[in-house]
Amino acid sequence: MINKWYGDGKECGRVYNSDGIVIDVFNSLLYLRVNPSNNLNEVYDNFGLKEWRGNVFGVEGVKNREGKESYQMFKGNEGEMICEENGINYNLRFGDGFSTGLFLDTSNLRKYVGGLEGRTLNLFSHANAISIASSSSRGGVNVDLSSKYFDLGVKDDWKNIEDDVWEYCKRKKGKEIFEVVVCDPPSSSVGKKRRWSTIKDYPELITHLSPLTSSNGLLILCSNTKKQTYDEFYKQCKKGLEISGRKGEVEKVIGTEWGWWREGVKCLVWRLD
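Residue 83 in numbering that gives the first Met the number 0 sits at position 84 of the sequence shown; the count goes up by one each step and never skips.
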């Protein structure tokens, strides 16, 4: 099963993401992430990973005495590499937590943003991959609470700002306007002043995003929680816009060719009044 991905011309792609197992391919390197509920030997057998002809880098979920999960490397060497996606080169890092700096389930989002013009605000930017994908001559701003991965995504005409997204948006209201605003938050997080989740707090977050979006601008809203459907996420977005006093229509739903397991990731492109 797995070797069909080796040498088929794909620079990177997601093979599997379900049941606590994530399998990504970057060039000839296979990246495997498993949670504590899975037996590693069974994963190798079920997916034919022992037959993989390239290198393997793996991280395994473990639980401490308090029951909290973390990831530890069980195979491969730490390091960095460059990988191509949609004709764009991205810097990746292996061995620094569970993230490589590039989330493959938002590949089509990056491809879409790459065709947009206009000054862009990229929120919860992580390793700033959206800015690397962007071809806009206007540049933009990346904002994330942690600058840990900022060095992977440095680009001229883009500012990288380490800040709480909520606080940044509140401060910039009436002072900054962007033609494109991209918001791809984690399903839950702890900011400088509060704990929040997309299920409960997305409408409120949108009230801080819409004032930063220009007239006729694009507000691109994403959610990766599996606890809501697309319809529920749409209603959340609509509620947030109504509270903020902005009108908008969905111009595009960004999906993926990977199909059946991706119900957790949702992305709606709103054209605002």
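We put the CB at the ideal spot given by N, CA and C, even for glycine.
Here the structure is a predicted model, which means the values were calculated and not measured.
Asked, Found
"CA-CA distance, V21 and G94?", "16 angstroms"
"Return the Cβ separation of L108 and I253 in integer angstroms, given the expectation that the two are a contact with Cβ distance under 8 angstroms.", "5 angstroms"
"When you compare each of W165, G173, L144 and K172 to N159 by their alpha carbons, which one comes out closest?", "L144"
"Have a look at the DSSP bridge pairing and note the partners of T212.", "F177"
"Would you mind sorting T228 into buried or exposed? The rule is 16 or more other CB atoms within 10 Å of its CB.", "exposed"
"Taking just the CA atoms, how far does S187 sit from S196?", "4 angstroms"
"Among the candidates S130, D272 and R137, whose CA atom is the shortest distance from the CA of E241?", "D272"
"Would a C-beta distance cut-off of 7 angstroms place R118 and F177 closer than the cut-off?", "yes"
"I believe R32 touches F97 by the beta-carbon criterion, under 8 angstroms. Please report the beta-carbon distance rounded to the nearest angstrom.", "6 angstroms"
"Taking the DSSP output, what are the residues bridged to T105?", "According to DSSP, which records beta bridges pairwise, T105 is partnered with nothing at all."
"Count the other C-beta atoms from every protein chain shown that fall within 10 angstroms of the C-beta of P35, then say buried if there are 16 or more, exposed otherwise.", "exposed"
"With DSSP collapsed to three states, give me the class of W165.", "helix"
"Counting only runs of 3+ residues fully inside the segment 12-77, write out the beta strand (DSSP E) ranges in chain order.", "20-25, 28-33, 54-62 and 68-74"
"So the candidates are V249, F73 and N76; which of them puts its Cα closest to the Cα of Y233?", "V249"
"Can you tell me the Cα-Cα spacing of N85 and L220, whole angstroms?", "21 angstroms"
"Taking the CB atoms as reference points, tell me whether C266 and H207 lie closer together than 7 angstroms.", "no"
"If I follow the unbroken beta strand (DSSP E) through E10, where does it start and stop?", "No beta strand (DSSP E) contains E10, which DSSP labels as neither H nor E."
"Here's the rule: buried if 16 or more other CB atoms are within 10 angstroms of the residue's CB, otherwise exposed. What is D18?", "exposed"
"Check this for me: beta carbons of S130 and G152, under 7 angstroms apart or not?", "yes"
"I'd like the list of long-range same chain contacts for M80, defined as Cβ closer than 6 angstroms, with 5 residues on each side in sequence excluded.", "L91"
"Closer than 7 angstroms by C-beta to N37: which residues in its own chain qualify, once you throw out the five before and the five after it? Chain order, please.", "G19 and I20"
"Which one or two residues does DSSP pair with F93 in a beta bridge?", "G78"
"Got a sec? Which residues, its chain only, sit under 6 angstroms from S243 by beta carbon, not counting five neighbours each side?", "T206 and S209"
"Please report how far the alpha carbon of P202 lies from the alpha carbon of K192, in whole angstroms.", "18 angstroms"
"Run through DSSP, which three-state label would G239 get?", "helix"
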